[in-house]
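Asks: Could you have a look at this structure, given as C-alpha cells, before my questions?
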Amino acid sequence: MAHDFQALCAFAQTLGCEAAAGVPFAEFTTFRTGGPCGALITAPGPDALKAMLAALKERAIPFLFLGNGSNVLAPDEGLDRAVLRLGDDEPRLAGDGNVYCGAGTKLITLCRFALEHGLSGLEFAYGIPGSVGGAAFMNGGAYGGEMKDVVTRVFHLTPDGEEGSLTNKEAKFNYRDSAYRTNGCIITGVEFQLTPADPADIKAKMDDLLSRRKAKQPLEYPSAGSTFKRPAGNFAGALIEQCGLKGLAVGGAEVSEKHAGFIINKQGATSADITALIREVQRRVKEQTGVELEPEVILLR
Ligand SMILES: Cc1cc2nc3c(=O)[nH]c(=O)nc-3n(C[C@H](O)[C@H](O)[C@H](O)COP(=O)(O)OP(=O)(O)OC[C@H]3O[C@@H](n4cnc5c(N)ncnc54)[C@H](O)[C@@H]3O)c2cc1C
C-alpha cells in the first residue's frame, strides 16, 4: 500500500516540524546522490520527535533517522520511507566542565561553543561535518581523539518513544561503533566532560587540525569522508594507493587523487557508480594484498 506522505507532512507541520514530501537524498547527504525519500521531516526537539514516532507507528510508515547525512549513501531510486532528523539546538553548560548538546546540532557549532567557553577535548572533532548525534552513533574520531574520550552520557528515545540514556560505558563505544548501531534508539542529546584550558591553545589546535584536513582531503568534491574502515594494523588509503588505484573511476565516481581513502563524486556520479567503485576497490585490494576492506560509509536500504 502506498504511504500517504503528504498527510504525514501536514501532521508534522502541526508539531512545528519542517516537512516536505519527495525530497531527493541528493539534497541532504554529502555525497550529493540518491533519489527521493517519502518525506523529509526535521523535528524541532525531542517532544515533536516523540509525537512523530507515534504517528509513524500508527500509520505503519517505515522511517530512518539521519543526522547531517555525511556518512551515508542512498539508492538512486530513492526510498519509500520517511527520513527523520532533529533540528539544530544551542549547546549549554551543565556544570563542572560538562556541556549538554542536542543531537541535531552540527559538531562544528559544538566545537565553537567549547572554544568560546575555554573548554578543551573536542578539538579533534572540528572539521567532521556530522551532527552531534551522528558522531556519537558512529563514535566519530580523528587525529587521535574520538567521541568515546569526551562523552559522559547519551540521551535517547527508544523505538517505542520512551526516554532513556546510556553512560559512556553502557554506550559500548568502539572503533566507529557504539551500542546505538544495534539498539534501535534515536539519540536526542549528548553530555560531554571537557577540561578548562586557554582558549588560545584550543583555537591553535583547532586551526592546525582544520588546515591539515584541507591540505590532505579532497574537500572540494562531495564525499562521505573515508570510504572504508581502517583495517587492523594498516590504513585503507595507504593500501588503496599501494594497489595503484588513485584516480580509478566508475562513471562520475573516482578514487581521489589527493587522498586514496576517499571516494569522491567527481562529476555527476550516481550512487550506483559509487557502489560499483567501492566493490571494485574491495576486489582489487583483496586480490593484491589479501586485506578485506569494510565500508565505513553506511549503504542505506
Ligand atoms: C569531508 C568529510 C570528512 C569526514 N571526516 C571524518 C573524520 O575525520 N572522522 C569521522 O569519524 N568521520 C568523518 N566523516 C564521516 C561523518 O562526518 C561522520 O561519520 C559523522 O559522525 C556522521 O554524522 P552525521 O550526523 O552526518 O550522520 P549521518 O550520516 O546522518 O548518519 C550516519 C548513521 O548514524 C545514524 N544516526 C545519525 N544521527 C543519529 C541519531 N541522533 N540517533 C541515532 N542514529 C543516528 C544514522 O541512522 C546513520 O546510520 C567525514 C565525512 C566527510 C564528508
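The opening position of the sequence shown corresponds to residue 2 in my numbering, with each subsequent residue numbered one higher.
Where a beta carbon is used, it is the ideal one built from N, C-alpha and C, also for glycine.
These figures come from a predicted structure and were not determined experimentally.
1) So what's residue 101 in DSSP terms, helix, strand or just coil?
2) The beta strand (DSSP E) with residue 156 in it runs from where to where?
3) Of all the beta strand (DSSP E) runs that stay within the bounds of the segment 8 to 63, which reach a length of 3 or more residues?
4) Please report the residue range of the beta strand (DSSP E) in which residue 84 lies.
5) First and last residue of the alpha helix (DSSP H) that includes residue 114?
6) For residue 200, which residues from the same chain have a beta carbon less than 7 Å from its beta carbon, with the 5 sequence-adjacent residues on both sides left out?
7) Which of the three DSSP states is assigned to residue 293 in this structure?
8) DSSP on residue 161, reduced to helix/strand/coil?
9) Counting pairs of beta carbons, one from the segment 30 to 50 and one from the segment 62 to 75, are three or more of them closer than 8 Å?
10) Using alpha carbons as the reference points, say which of 94, 99, 125, 47 lies closest to residue 109.
11) Taking DSSP as the reference, what is the three-state secondary structure of residue 280?
12) Figure out for me which residue from 39, 15, 18, 69 has the closest Cα to the Cα of residue 25.
13) Among 53, 266, 127, which one has its Cα closest to the Cα of residue 207?
14) Take the Cβ of residue 176 as the centre, count every other Cβ of all protein chains shown within 10 Å, and call the residue buried at 16 or more, exposed below.
15) So, are the CB atoms of residue 65 and residue 84 less than 8 Å apart?
16) Under a Cβ-count criterion, where at least 16 other Cβ atoms within 10 Å of its own Cβ denotes burial, should residue 185 be classed as buried or exposed?
17) Helix, strand or coil: which one does DSSP assign to residue 93?
18) Using DSSP bridges, identify the partner residues of residue 194.
19) Can you give the Cα-Cα distance for residue 190 and residue 80, rounded to whole angstroms?
20) Alpha carbon to alpha carbon, how far is residue 301 from residue 225?
21) Classify residue 235 as helix, strand or coil using the three-state DSSP reduction.
22) Going by DSSP, what residues sit across from residue 146 in a beta bridge?
23) Considering only residues of the same chain and omitting the five flanking positions on each side of residue 47, which have a CB-CB separation below 7 Å?
24) Please state if the CB of residue 213 and the CB of residue 220 are separated by a distance shorter than 8 Å.
Replies: The short version:
1) strand
2) 152 to 158
3) 19 to 22, 38 to 44
4) 80 to 87
5) 108 to 117
6) 116, 119
7) coil
8) coil
9) yes
10) 125
11) helix
12) 39
13) 127
14) exposed
15) yes
16) exposed
17) strand
18) 99
19) 27 Å
20) 13 Å
21) coil
22) 143
23) 158, 189
24) no
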